[in-house]
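**Student:** Counting in my numbering, the sequence shown runs from 1 upward without gaps.
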Amino acid sequence: MPRTRLEHAAVVAVAVVLALLSTLVPREGAEADLTALSGPLRVDPETNLVPPSQRALARFEDGTFVVVYRDSSAYPNSGQWAQRYDAQGAPIGTRALVSQGGSAQPSVAGRDDGSFLVVWESESPGPGLDLRLMAADATPLGSELHFSTATAVHRNPDVAALAGGGFVVVWDSYYSPFLPGFDVEMGGQRFDSSAAPVGNPFHVNSYTTGYQQRGRVSADDNGRFVVVWQSGDFGGAGQDGAYFGVIGRRFDATASPFGTEFVVNTFTTYSEDSPDVAMHSDGSFVVVWRTQYGDDEPLGVISDSVTLRRYASSGQPLGDEIHLNSYITGLQTQPVIAMDDDGSFVVAFTSASGYNTFDNRDGDGAGIFARCFVASGQPVGEDFIVNTYTTADQTLASIASDGDGDFVVAWHGAEAVTGYFQDLEPNGIAVRRFGRGQLGGGGVCGDPIAPPGSLRGSALVTATDALFALQAAVLLVQCELCVCDVNDSGGVTASDALIILQTAVGLAAQLTCPPCA
Numbered sequence: 001m002p003r004t005r006l007e008h009a010a011v012v013a014v015a016v017v018l019a020l021l022s023t024l025v026p027r028e029g030a031e032a033d034l035t036a037l038s039g040p041l042r043v044d045p046e047t048n049l050v051p052p053s054q055r056a057l058a059r060f061e062d063g064t065f066v067v068v069y070r071d072s073s074a075y076p077n078s079g080q081w082a083q084r085y086d087a088q089g090a091p092i093g094t095r096a097l098v099s100q101g102g103s104a105q106p107s108v109a110g111r112d113d114g115s116f117l118v119v120w121e122s123e124s125p126g127p128g129l130d131l132r133l134m135a136a137d138a139t140p141l142g143s144e145l146h147f148s149t150a151t152a153v154h155r156n157p158d159v160a161a162l163a164g165g166g167f168v169v170v171w172d173s174y175y176s177p178f179l180p181g182f183d184v185e186m187g188g189q190r191f192d193s194s195a196a197p198v199g200n201p202f203h204v205n206s207y208t209t210g211y212q213q214r215g216r217v218s219a220d221d222n223g224r225f226v227v228v229w230q231s232g233d234f235g236g237a238g239q240d241g242a243y244f245g246v247i248g249r250r251f252d253a254t255a256s257p258f259g260t261e262f263v264v265n266t267f268t269t270y271s272e273d274s275p276d277v278a279m280h281s282d283g284s285f286v287v288v289w290r291t292q293y294g295d296d297e298p299l300g301v302i303s304d305s306v307t308l309r310r311y312a313s314s315g316q317p318l319g320d321e322i323h324l325n326s327y328i329t330g331l332q333t334q335p336v337i338a339m340d341d342d343g344s345f346v347v348a349f350t351s352a353s354g355y356n357t358f359d360n361r362d363g364d365g366a367g368i369f370a371r372c373f374v375a376s377g378q379p380v381g382e383d384f385i386v387n388t389y390t391t392a393d394q395t396l397a398s399i400a401s402d403g404d405g406d407f408v409v410a411w412h413g414a415e416a417v418t419g420y421f422q423d424l425e426p427n428g429i430a431v432r433r434f435g436r437g438q439l440g441g442g443g444v445c446g447d448p449i450a451p452p453g454s455l456r457g458s459a460l461v462t463a464t465d466a467l468f469a470l471q472a473a474v475l476l477v478q479c480e481l482c483v484c485d486v487n488d489s490g491g492v493t494a495s496d497a498l499i500i501l502q503t504a505v506g507l508a509a510q511l512t513c514p515p516c517a
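#1: Take the Cβ of residue 196 as the centre, count every other Cβ of all protein chains shown within 10 Å, and call the residue buried at 16 or more, exposed below.
#2: Buried or exposed: where does residue 318 fall if 16 or more other Cβ atoms within 10 Å of its Cβ makes it buried?
#3: Can you say whether residue 530 is buried or exposed, counting buried as having 16 or more other CB atoms within 10 angstroms of its CB?
#4: To which residues of the same chain is residue 171 closer than 8 Å at the C-beta, ignoring the five residues directly before and after it?
#5: Who are the Cβ neighbours of residue 147 in its own chain at under 6 Å, not counting the five residues just before and after it?
#6: So what's residue 230 in DSSP terms, helix, strand or just coil?
#7: Output the distance between the C-alpha atoms of residue 429 and residue 489, rounded to the nearest integer angstrom.
#8: Quick one: any contact between the segment 129-142 and the segment 199-216, if contact means 3 or more CB pairs under 8 Å?
#9: Would residue 336 and residue 277 be called neighbours here (beta carbons separated by less than 7 Å)?
#10: For residue 426, which residues in the same chain have their Cβ closer than 6 Å to its Cβ, ignoring the five residues on either side in sequence?
#11: Mark residue 507 as exposed unless 16 or more other C-beta atoms lie within 10 angstroms of its C-beta, in which case mark it buried.
#12: Assign residue 192 to one of two classes, buried (16 or more other C-beta atoms within 10 Å of its C-beta) or exposed (fewer than that).
#13: Would DSSP call residue 467 helix, strand or coil?
#14: Report, in whole angstroms, the separation of the C-beta atoms of residue 352 and residue 399, which I expect to be a contact under 8 Å.
#15: Excluding the five sequence neighbours on either side, which residues of its own chain have a C-beta within less than 7 Å of the C-beta of residue 258, listed in chain order?
#16: With which residues is residue 84 paired in a DSSP beta bridge?
#17: How close, in whole Å, do the beta carbons of residue 103 and residue 70 come, if the pair is a contact with beta carbons under 8 Å?
#18: Buried or exposed for residue 522, going by 16 or more other Cβ atoms inside 10 Å?
#19: For residue 280, collect the residues of the same chain with a Cβ closer than 7 Å to its Cβ; drop the 5 residues on either side in sequence, then sort them by chain order.
#20: Taking the alpha-carbon of residue 107 as reference, which of 391, 161 and 326 has the nearest alpha-carbon?
#21: So residue 105 is in the beta strand (DSSP E); what residue range does that whole segment cover?
#22: Does the beta-carbon distance from residue 61 to residue 403 come in below 7 Å?
#23: Spatial neighbours of residue 365 within its chain, please: CB distance less than 6 Å, with the 5 preceding and 5 following residues excluded, ordered by chain position.
#24: Note the first and the last residue of the continuous alpha helix (DSSP H) segment covering residue 497.
#25: Note down the Cα distance separating residue 86 from residue 434, rounded to an integer number of angstroms.
#26: Which one or two residues does DSSP pair with residue 379 in a beta bridge?
#27: Hey, out of 432, 483 and 309, whose CA is closest to residue 379's CA?
#28: I'd like the span of the beta strand (DSSP E) that includes residue 190, first residue to last.
#29: Where does residue 473 sit, in a helix, a strand or coil, going by DSSP?
#30: Check each candidate in 248, 390 and 132 and name the one with the smallest Cα separation from residue 109.
#31: Would you call the CB atoms of residue 152 and residue 116 closer than 7 Å?
#32: Residue 138 bridges to which residues according to DSSP?
#33: Can you tell me whether residue 504 is buried or exposed? The criterion is at least 16 other CB atoms within 10 Å of its CB, across all chains shown.
#34: What separation, rounded to the nearest whole angstrom, lies between the Cα atoms of residue 125 and residue 113?
#35: Name the one or two DSSP bridge partners that residue 280 has.
#36: May I ask you to report which of helix, strand or coil DSSP gives residue 481?
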């Protein structure tokens, strides 16, 4: 039986939608709308932000998140500020002052109730660290706490939330009380739920030759935590036998060590440095770091790679280290990692020109890229680009996950452009939201999880909504039944996409759209 004109129009429209799918899949070196839940947002459009590394990021289980950053403009704007965002990426109110005056290198960790602890370097009343606990609405919960020792200068703090509401902070100690001389050591301190110190500072590292620095910490649901750091010497006789290596050590809930520290990297020819770590609720964890000259490049081309290694909750490695970047030209560096409740994880990093190459992967200068992995360590898709503005350098990413598939990346942009950054400002911090789809079921890394059109709202339904529903039907993206199951059949199918498309072009169609709770 021949098709009616309405049926023919609908079939042709769906075929066009299917053809469009291949153009929207994230691809190397190009920006794809499919990869993001939002475009880049400028965190603070009012002031210059220098130096570029002064920001931190935390996300909460409800999808809201907070960006903490240093504003080094003139008083009274100078200091540490926090800007909160809702689960859709919209700012919640205006930025909140955490601490006024000179400060640097913030780190932040959030709790389930939305409150968060900010830690940063401070010079007053002496060189050390300052801490402040903030409520979910970014109002202070008490005054700032200055933490220092008479014989050491504390720098480069990192903080993780612990079970029961407490926190653990680790830092670099220069002129350390743990070891006389100029060596740099790793120190740590636990804090209770009110941010009061618990016990005395503890010594993280046992190997004390050279520099133990750039520590990062992550915790499980039992209060246990793991610290990773880089250990070495610029003279080439480091702990792993070369320059710098990546070292780890596990601790119980009382900050007592679980066994001895261990070398994470197996490749030791050059420097392994700049580590980050994410720990699962069961105590397993993943470490990422930069491997100098690590990629298998053609003769004469020198590059750096980003490497990962997985560990069981017992502390035993789960296989060898893996070079995670799929693109091997130039420098892949500054890795950061976030993990979901199911153990899957995503790594973001900076990609830039190599030592003897001029390959600008995002088109101009350094760019931010990311790659997703399932819990077993298998990659999902290739590297994908995070930033959309590509002029000059985009560097120094931070990343946080809500535990359920969505993640947020913040980074530093070196130049300004109308629409993303304010004109004439040389430095700015941007943030962008992503979803990872059903990774275990073959989802595409970077999928959006809510329709970009108007299915949730009162505006007119568009062909974009139909495309999204069709992508959900073929399992490329996630969409709640109460949003995309417009015929209320109990699943998202091509029929839903067809109904939405018919509605979008003004044809008579039944659009049920059961409301979301």
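Ideal placement from N, C-alpha and C gives every residue a C-beta, glycine not left out.
**Tutor:** The relevant details are as follows:
#1: Label assigned to residue 196: exposed.
#2: Around the C-beta of residue 318, fewer than 16 other C-beta atoms lie within 10 Å, and the residue is accordingly described as exposed.
#3: One cannot answer for residue 530 here, as it falls past the ends of the chain, which runs 1 to 517.
#4: 129, 154, 155, 156, 157, 158, 186, 187, 188 and 215.
#5: Within its own chain, the residues whose Cβ lies closer than 6 Å to the Cβ of residue 147, once the five positions on either side in sequence are excluded, are 128 and 129, listed in chain order.
#6: Residue state for residue 230 is assigned as strand, using DSSP reduced to three classes.
#7: CA-to-CA, the gap between residue 429 and residue 489 works out to about 44 Å.
#8: Result no; under three Cβ-Cβ pairs closer than 8 Å.
#9: With contacts defined as CB atoms closer than 7 Å, residue 336 and residue 277 fail to qualify as a contacting pair.
#10: Caution applies to residue 426, whose pLDDT of 42 falls short of 50 and renders its modelled position unreliable; the model cannot decide the point.
#11: When all chains shown are included, residue 507 counts as exposed.
#12: Exposed, by the Cβ-count rule.
#13: Residue state for residue 467 is assigned as helix, using DSSP reduced to three classes.
#14: No, residue 352 and residue 399 are not in contact; Cβ-Cβ is about 18 Å, not under 8 Å.
#15: Excluding sequence neighbours, residue 258 sits near 250, 251, 252 and 315.
#16: According to DSSP, residue 84 shares a beta bridge with 66 and 92.
#17: Yes, residue 103 and residue 70 are in contact; Cβ-Cβ is about 6 Å, under 8 Å.
#18: Outside the displayed span of the chain (1 to 517) sits residue 522, for which this structure offers no information.
#19: Exclusion of the five residues before and after residue 280 leaves 220, 339 and 343 as the residues of its chain whose Cβ lies within less than 7 Å of its Cβ.
#20: Here the closest residue by C-alpha is 161.
#21: For residue 105, the enclosing beta strand (DSSP E) starts and ends at 104-110.
#22: Yes, the Cβ-Cβ distance between residue 61 and residue 403 is below 7 Å.
#23: The residues are 392 and 393.
#24: For residue 497, the enclosing alpha helix (DSSP H) covers residues 494-504.
#25: For residue 86 and residue 434, the distance between alpha carbons rounds to 14 Å.
#26: Residue 379 pairs with 373.
#27: Nearest to residue 379 by alpha-carbon distance, out of 432, 483 and 309, is 309.
#28: Per DSSP, the continuous beta strand (DSSP E) segment holding residue 190 begins and ends at 184-191.
#29: Residue state, collapsed to three classes: helix.
#30: Proximity to residue 109 across 248, 390 and 132 peaks at 132, based on C-alpha coordinates.
#31: No, the pair does not count as a contact, with Cβ atoms beyond the cut-off.
#32: None; residue 138 has no bridge partner.
#33: Buried is the label assigned to residue 504, since at least 16 other Cβ atoms lie within 10 Å of its Cβ.
#34: Computed Cα separation, rounded: 32 Å.
#35: Paired residues: none, contrary to the question.
#36: Reduced to three states, the DSSP call for residue 481 is helix.
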